[in-house]
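**Student:** The listed protein sequences correspond, in order, to chains B and S. Every letter in the first sequence is one number past the one before it in the UniProt record's numbering, and letter 162, counting from 1, is 162. Every letter in the second sequence is one number past the one before it in the UniProt record's numbering, and letter 628, counting from 1, is 628.
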Amino acid sequence: MSQSDNSFEPNVIDDEMLQKAVEEQWPEDIRKLAKAEGINFKDVMELQLSFRNILQIDNLWQFEYLTKLQLDNNIIEKIEALESLVHLVWLDLSFNNIEVIEGLDTLVKLQDLSLYNNRISKIEHMDTLQELQIFSIGKNNLTALENVVYLRRFKNLHTLNLTGNPLCDEEQYMLFVVAHLPDLVYLDFKLVSDTTREVAISNYHYLTDLLEHEEAQALAQLEEKQAQQKELEYHKTAFVEYLNGSFLFDSLYAEDTEAAKLAYLPGVDDLLQAYRKDFVSVCENLFNYCLKEHEKREAEVSDFYEGLHEVLTANQEEGRRIILDFENQNKTRLDEIHHASSHDTAESMRAEYNEDILQLSETLMTLEMQMVDQLEELIKEFERNIAVIASTFTENVKGMMTQCRDLENRHHEKLLEISISALEKSLKDELNEELPDDVREFLGDKNTIVNMVNKSHKIHLLKISMRECDILLNMYRWEASVKEKALQNEIDRNRNRVKEIFQYIDDLQEQLDNTQIPELTE
Amino acid sequence: MEVLEEKEEEEQKEEELKALEVSSELHDTDTKLSVEQVCFSSDVPRSSCLNCSPLYYLCFSASFCLSSDFDWNSIDTSQLPDSYKVNSPREKKLLRIAHHYHQQFAHLCPERKPLFLHPVNECGVEKFVSTTVRPTLLPYTELYHWDGCASFVSDYLTMEPLKCPLTPPTSLYSPTTILKYQRGNCFDFSVLLCSMLIGAGYDAYCVNGYATHDICSLDETLEECPLLRKPQEVPKEEVKNSNKYRVKSPPDMRSKFELQQEAKKKAETEATEKKEREEKGMEAEEPKRDHLCGLRVHAWVLVLSGKREVPETFFIDPFTGNSHSTMDEQFLGIESVWNHKNYWVNMQDCRNGCKDLVFDLSDAVHWEIMLSETDKPLQLLLGAAKENELFDRNVDDMEEEEEEEEEEISFAMPPSWVAPIQISPKEFETRCSQGRKVILYKKAKLEKWAPYSNGNGLVKRLTVYADSNYTKAVEVKEWFKNREDMLDMREVNKQTQLITEYFSPGHLFGLKVHTYKSMNPQTERVMEFYTETRVDGLQKLAENENEMKEYFVGRDDFKYFQHTEFRAKRKKVTLVDTRTDVNSRPIVQIKECFHRNLQKPADEDVAERVFLIEEEMIQLTYHLKDKYITASKKDFFKPAESYRKQSEIMTPEMCITYQAGSSEQHTKLVHLYKLLRELTEEEKQLKQQAWRTQAEVLKILEIRENEEADIKLSASIYDTERNEKKRQEYEAMVDKSLQSRKLGKILKREQDLDYLAPFLIQIGSPEKMTKRQALRLRDDCLSDFKNRLVSKANIIQAHFEKEVKELQKKNQHFQENQNQLSEKEEADFLADYSETMFRIHILALRLDREKQTAPQKYLALEEKLRKDPRLAEHLGHA
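1) My parser needs the beta strand (DSSP E) runs of 3 or more residues fully inside the region 787–823 of chain S; what are they?
2) Note down, in chain order, every chain S residue with its Cβ under 8 Å from the Cβ of E500 of chain B.
3) Give the secondary structure of Y275 of chain B by DSSP, where H, G and I count as helix, E and B as strand, and everything else as coil.
4) Spell out whether any CB of chain S is found under 8 Å from the CB atom of Y504 of chain B.
5) If I measure Cβ to Cβ from F566 of chain S and keep anything under 7 Å in the same chain, skipping five residues before and after, which residues do I get?
6) Using only alpha-carbon positions, find the residue among S:P311, S:R849 and S:H340 that is nearest to T326 of chain S.
7) Short of 7 Å Cβ to Cβ, which residues in the region 504–531 of chain S face chain B?
8) For E37 of chain B, go through chain S and note every residue whose CB falls closer than 7 Å to its CB, in chain order.
9) What does a CB cutoff of less than 6 Å around M401 of chain B pick up in its chain, not counting 5 residues either side in sequence?
10) Does the Cβ of Q62 of chain B have 16 or more other Cβ atoms within 10 Å, making it buried, or fewer, making it exposed?
11) Counting along the chain, where does the beta strand (DSSP E) carrying R490 of chain S start and finish?
12) Under a three-way DSSP split, which group does F785 of chain S fall into?
13) Rounded to a whole number of angstroms, what is the C-alpha to C-alpha distance between S391 of chain B and A263 of chain B?
14) When you compare each of S:K638, S:L675, S:T630 and S:L669 to A660 of chain S by their alpha carbons, which one comes out closest?
15) Could you tell me the alpha carbon to alpha carbon distance between T374 of chain S and E368 of chain S, rounded to whole angstroms?
16) Are the CB atoms of I459 of chain B and E408 of chain B within a distance shorter than 8 Å?
17) Got a sec? Which residues, its chain only, sit under 8 Å from S468 of chain S by beta carbon, not counting five neighbours each side?
18) Listing by chain order, which chain S residues have their CB less than 7 Å from the CB of I34 of chain B?
19) Indicate the three-state DSSP secondary structure (helix, strand or coil) for V3 of chain S in the structure shown.
20) Where do the ends of the alpha helix (DSSP H) carrying Q217 of chain B lie?
21) Please confirm whether Y560 of chain S and F594 of chain S have their CB atoms less than 8 Å apart.
22) Show which residues of chain S have a CB atom less than 8 Å away from the CB atom of F304 of chain B.
23) Three Cβ pairs or more, each shorter than 8 Å: is that satisfied between the region 249–269 of chain B and the region 435–447 of chain B?
24) Please compile the residues from chain B whose C-beta is within a distance smaller than 7 Å of the C-beta of Y673 of chain S.
25) Are the C-beta of L66 of chain B and some C-beta of chain S separated by less than 8 Å?
26) Is there a Cβ of chain S sitting closer than 8 Å to that of Q316 of chain B, yes or no?
27) Could you round the C-beta distance between P420 of chain S and T136 of chain S to whole angstroms and report it? I think they count as a contact, below 8 Å.
28) Taking A274 of chain B as the reference, which of B:H412, B:R119, B:Q503 and B:M126 has the closest Cα?
29) Run through the DSSP bridge pairs and tell me what T463 of chain S is partnered with.
30) Are there 16 or more other CB atoms within 10 angstroms of the CB of G184 of chain S, so buried, or fewer, so exposed?
31) Just how far apart, CA to CA, sit Y755 of chain S and D868 of chain S?
32) Measuring alpha carbon to alpha carbon, tell me which of S:G506, S:T531, S:Y502 and S:N544 ends up nearest P521 of chain S.
33) Given a limit of 8 Å on CB to CB distance, which residues of the region 673–701 of chain S reach chain A?
34) Just to make sure I have the definition right: I need the residues of chain S whose C-beta is within less than 7 Å of the C-beta of L145 of chain B. Which are they?
35) Residue range of the alpha helix (DSSP H) that K426 of chain S falls in?
36) Please say whether E122 of chain S and T177 of chain S have beta carbons closer to each other than 8 Å?
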C-alpha cells in the first residue's frame, strides 16, 4: 500500500512514485528480474497511477512508448504534460476535478478516452482525435444538447457514455443523441436498438440533414483546396508554378508604373493586347514543355530505381543463399567440436571451422565488392543520362525565354514609335483625345518619354531573366540532389552490408570461441 | 399375340447377349479379341447387298464369333403409323422428281457412283432421305447444344457396321425405330443426330461420303483417349519491359572451347537417343495399310457456321460424338449432303479429301441442288403452295399429270413421314443400351455406366494399359456420381499402389483430395482440403510414419507451414493401440513457418519457429530486413527443472541472440523472459494441436472407411422417382394442403359470418335468449349499424368540407398574388387546383352514394336479423 492512500495531502508525480507504479504491475518473478536489471521507462507500455491524490500531471515525458495510462481517482484539475505520449491508445482521467478538455491535441492515436466524473461543461478541443472509438464523459456538467453535435466528427466512435449530465434530463435526450450519431452502437451502457435509431432519425432528420449538408460542403471545399494545392505542388516540382496563363505577363506590369501611364496613349492598348496574346502563348508552350520534361525525368528516375531494386534483390538472394548453405552445412559443427573425442581433434576441428568462417567472410566480401563495382557503373550511367536530360532542358528553356525577350524587344520598339508619334502629335496639338494631366505632362518632352519607355522595358527584361534564372537554378538543384541521393544511397548500402557481414562473422567466431572443448588430457 | 411373342424373343436374345458379354469380359484378357471382331459383330444384314465387291466378303468373313443376333427383319412394324407404310401423293411426286434428277445426274456424270436418294424404310417403302430427317427439340438442357446431342447419340445407340463398307445401305430406317432398338449404322446415327441438331436450331446436314477405316468402324484404338489428352500449355507471355539499367554480369572465366566441346557431346548423345526412341516408336506404331482407303462409305453430320453462333463450319462424327475440323484428313470425300428441306450433290473434286471443299451450298457450281425452290422469293413460294393445294385436291388426277419443269422448281419438300422423336427421362438417363458402354482407345479402355446403375455410384472408368493388348493395367480412374460422401473420382496407380480420391465440395471435413496407400493410420498419405470451409485454414496435410506436414492458407497469424516430427515407434504396436494412444505420441520437434506480417518491423516478425522439444530448445529466426542478407535469430535454452528453483529465473546464457545490423546486442532480460514464457505456452498448445490434428486424421479415416463400407447415393430433391422419402413427403404435403384447404373453407364459413358475436357477448352469450334480450339485441345491433353509417358519412363529409375550404383558401391566395406569380408557380397552382377539384368531385360522389345506399343497407340488416336462426323465434313473426 502506498503511504499516500489515506492522506489528503496532494501528491506530486516523482521518480519514486513512478518506479513503484511500474514495479507494482508486474508479477513477482519479473519484478525481481527487472529490478536487478534496472527499469527503463521507455520500455513501459502501460502505467497505472490511480488513487494517488495527484494534483498535477507531470514528469511523464520519459514514457515515450506508453499506450495505456490510468490517472483516475486523483485530484487533477487540468489536463497537461501529456503532449509527448503520442502513442497513447487508452487514457483514463475519470474521477478528477477537470473543468476543461484541453491538451490532448498530440494524442492522435487515442481510441479510448474516459473523463467520467469531472466538472466539464463543454465538449471541445478534441478535433485531432480522429481514432476515438470509446468516449466516456458521464457525470459532468454538460447542459446543452448541442455538445453532442461536436462528436459527429469522430467517424469511428461507437460507444458513448453521457449519463449523469444535466442534459440527460431533457426529454428528447436519447433521440437527439442517436439521431446525431447514427453510427453509435452503445449509448450509456446500453445497446442502441434499431427501432430507436429509426425513430430518432425520422424525428430529427430536418436537423441532421442540414448538418450533413454543411459537412458535405465543407468537405467538398477542403477537397477542392487540396486538389489545387496538389496541382501547385506538382507544378512546382516541374519548376513551372504560375507559368500557365498570364501570370508571368501580369507580373511584368505589376510593378511598372510607367507602363500604366503609357497605356493611355492612343494605339498602345491594341499593341498591349497583341503582345499579351503572343507572350502568353509562348508561356504556355514553355509550361507544357516543362511538364513533359518533368514526366520524362520522373520516368528516368523510377527506371533507375527499378533497375537498382532488381539488382539489389538478386544480390540479396545470392547472399542469402550463401549464408543458408553455410548454416546448413555447419549446423552440428559446434556440437561436434564440443563432444570431440580428444583435445587435439577438437582443437583441429575448431581451427578448421575457423578457416571455414573466414572463407565465408571472404566469399561475402567478394560478392559485395563485385556489387559495388556493378553499382558504380550503374550510377555513372544514370548520372550521364540525367546530365543529358538537364542540358537539353536548359537549352530549350533558354530558347523559349529568348522568344519572350524578342517579343518584349519588339513591343518596346513599337511602343517607342507610338510614343514619339504621340509626342509629335501633341506638340502639333493634333491629339483629340482626352488625356489625364500627368500623361499630358510627360508628353511635353522627348527625353522624358523615351526614358520612361526604356525604364519599363528594362523592368520587363529583368523579370523575364529572373524567371528564367529560377527555372534553370531549380533544374540544377534537382540534378545535383538526384545524383547526390543515388550516391549517398549506395554508400549507405555498402556500409551497412559490410557492417552486417563483419557482425555476422564476429558472431560466428564468438560462438566458436565460447564452445567448450575437451580438456587437455595428460 | 404376335407382338408379344416377338418381344419375348427379343428379351431372350438380350439375355443371351448379356451372358455373352459377361463371358467376353471374363475372357477378355486371354482371348485378345481384335477390335475388328467387336466392331463387325452384327452379322445379320438388313437385306442382301447386291452390288458389293468381293473384297467385302474378305473383310467380313472373319467376324462371326461374337454376334448380337439382332435381326432387323424381325422387328415389329405393325404398330407403326400409316405414314411409314404408304407414300402421300406429294411424296410420290417427290420420288419422281428425285428419280428424274438422278437420271440427269447419271447422264451428266457417268463415272460417279449412284446417289443415295430414296432407300426403303423399315416397312419396305421407298422414302426420300430428306423426309427421314425429323427436326425435333427434346426437352433436356443437355440436348440444346451440339456436343450434348452428339454424345447422347453416340452413347445411346449401338454401332452396327455397314453391311457392305463400300456402298451406302439400301435401307434407311426412321429415327424412331432406331431409337427404339438402340442400334444402327452410320446413316441411322447421322439422321438421328441431324434431326436433333436441326431441332435445336443448328444449320446441320447429313453427309454421305467417304472416310478412313478407323472412322467407319469406330476404331479408336489408335487414338489417344480424350480424357488422357494433356491440355495444351499456353505459353505464358512474359511481359518483361527491358530496363536499360542492368548490371553487366561478371566476366565468364570458363574456357569457351571446353564449353563448346561439352555442348557438342551432349547434342550427339541426345540425337542418338532420339533416333533410338523414334525407331522403337516406329516399330510399335506402324499403321496398318488400308487397301480400301477412300472407298469406305461413311455418313456424318455437317454443321455450317452462322446459326446458333457457330463460328466455323465443322463435322461431327456420329459414332464418337466428336467434332472434327473440315480439314480433318480422316474424312476423304463427300458425295452429297441433305437436310429436311433439300438435297445437294457435291460437284467438287475430292482427291485431296475434304480439305479444299467449299461449303457454300448456294454456290451452284460447287453444289448441285435438287429442289431449287427454297431459294425462290416468297411470292413464288406462295404460288407453289397454292398449286400444291390444287394437286392435293385432285389426288387422282395428279398421277396422270406430267412432270413439268416449272413444277419441279416450285415443288416444296413434303413434311417428314417420321413420327415425333420422343425420349423418356429414364431412357435419357440410362443412355447406353443396358446402361454400359465400352470404348477402346490407344492403350486405354473407357467404360461408361448410367447414373444409379451401379450401387457405388460408378459412372465412368478409364483403365490405362502399358501395352496395346490391354493386359497390363497401369492406372485406373473411376468417376462417381451422386455419392453422399461426395467422392468424385478415384485414381489408382497400379505401379505405385497409390490411391488418390477426389471429392466435390461438401464433405464433412472439407476433404478435397486424399492420396494414400493404405487406410491404416500413420502411414504415408496426403490429404488436401477445401480451405474455405475450414476454420484453421488447413490446405494440405501430408503424413507419414513419423512426421506430419501441414500447409495453411490465409491464416490471421500468417502461419503457412508446420512440420511436426514424432518419436519413432520403438516396437511393433498393434493397430488398436496406436489408435488409442495417439493423444500422447511423443513429439520430437515442431517447426513453424510464417509469412511476413507487414505491420511489424522485419526483425520482430518471426519467420521460422522451431521447438526442439526433446532438447528443450526453441529457435526463432526472423524475417530479413530490407537489403540484409542475414536474419536475426534467437535461440532459447530452456532452464532445467533444478535450475529453475534458484533465484535467477533468467540468465543471459539461456538465450543466444544475433541481431542483424545492430551492434546493440543485448535485449533486456525481462523481455527475453516474457518471450520465453509466451513461447513455452505456445509450445504446449502446439503439442495439443498436433495431437488434435492426429486425432482428426484418424476420425477422417474412420469415417471414410464407414462411408466406403456402406455407400449411399443421394438423389436430388426434385427426383421423385429415386428420392423415395421426398416423394412421400411431397405426397403427404399435397394431401395435407388439400385437406387443409378443405378444412379452411369450412372454418372460414363458420367464422366470418357471426356478426352478432359482440352483442351476444354483451349479454353473456346465453344458450337461449328471452324475447326481451332478443329485442334488445336487435335494437343494439341496428343502432350500432346506424351509428357506423352516420359516422362514415360524417367522415366523408368532413373530408369534403376540408378540401373545399382549402381550395377556397388557395384560390383566394392565387387571386391576391396573381400578378406576382411566375409562370411556373401559376402552372403549379392550376395543376393543384384541378387535382383538388377532382378530389372534391369524388368525395361528393361518394357522399351521395353513401346517403342513397344507407337506408337500403339498414333495411337489409333488419331483414337479416329477423331471419337469423337465433333470433327468428322472437322476431320472425314480429
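Idealized CB from N, CA, C, for every residue including glycine. These numbers were taken from a predicted model, which means no experiment stands behind them.
**Tutor:** Let me lay it out:
1) If we require 3 residues or more, the region 787–823 of chain S turns out to have no beta strand (DSSP E) run fully inside it.
2) Y628, I629, T630, A660 and G661, listed in chain order.
3) Correct three-state label for Y275 of chain B: helix.
4) Yes, Y504 of chain B lies at the interface with chain S (some Cβ there is under 8 Å from its Cβ).
5) Excluding positions up to five away in sequence, the list reads N546, E547, R585, P586, I587 and V588.
6) Nearest to T326 of chain S by alpha-carbon distance, out of S:P311, S:R849 and S:H340, is S:P311.
7) For the region 504–531 of chain S, which is checked against every Cβ of chain B, not one residue is closer than 7 Å.
8) Those within 7 Å of E37 of chain B in chain S are K668, L669 and V670.
9) Around M401 of chain B, the same chain offers E468 as residues with beta carbons nearer than 6 Å, after the five sequence neighbours per side are excluded.
10) Answer is exposed; the Cβ neighbour count stays below 16.
11) DSSP places R490 of chain S in the uninterrupted beta strand (DSSP E) bounded by L487 to N493.
12) Helix at F785 of chain S.
13) Going by the C-alpha atoms only, they are around 40 Å apart.
14) If we check each option's Cα against that of A660 of chain S, S:T630 comes out closest.
15) Here T374 of chain S scores only 48 on pLDDT, less than 50, and its place in the model should not be relied on; the value that follows carries that caveat. The C-alpha of E368 of chain S is placed about 13 Å away from the C-alpha of T374 of chain S.
16) If you check the CB distance, E408 of chain B and I459 of chain B do not come in under 8 Å.
17) For S468 of chain S, where only same-chain residues beyond five positions count, the Cβ hits under 8 Å are T221, A284, K442 and K443.
18) A small fix is needed here, since residue 34 of chain B is Ala in this sequence, not Ile. Simply V670.
19) Confidence at V3 of chain S is low in this model, with a pLDDT of 44, below 50, so the placement of that residue should be treated as unreliable; the coordinate-derived value is given next. Looking at V3 of chain S - three-state DSSP - the assignment turns out to be helix.
20) DSSP places Q217 of chain B inside the alpha helix (DSSP H), whose first and last residues are D194 to T237.
21) Contact: yes.
22) Simply Y245.
23) A contact exists between the region 249–269 of chain B and the region 435–447 of chain B.
24) Neighbours of Y673 of chain S in chain B, taken as residues whose beta carbon is under 7 Å from its own, are I30 and L33 in chain order.
25) L66 of chain B does not count as touching chain S.
26) Under the 8 Å criterion on CB atoms, Q316 of chain B is classed as interfacial with respect to chain S.
27) Right, their Cβ atoms sit about 6 Å apart.
28) Taking A274 of chain B as reference, the option from B:H412, B:R119, B:Q503 and B:M126 with the minimal CA-CA separation is B:H412.
29) According to DSSP, T463 of chain S shares a beta bridge with S:K445 and S:V476.
30) By the neighbour-count rule (16 or more Cβ atoms within 10 Å), G184 of chain S is buried.
31) Whole-angstrom Cα-Cα distance: 10 Å.
32) The residue with the shortest Cα to Cα distance from P521 of chain S is S:N544.
33) Although the question refers to chain A, the structure presented lacks it and instead comprises the protein chains B and S.
34) Neighbours of L145 of chain B in chain S, taken as residues whose beta carbon is under 7 Å from its own, are absent, since the nearest beta carbon is some 37 Å off.
35) K426 of chain S -> alpha helix (DSSP H) spans P425 to T430.
36) The Cβ atoms of T177 of chain S and E122 of chain S lie closer than 8 Å to each other.
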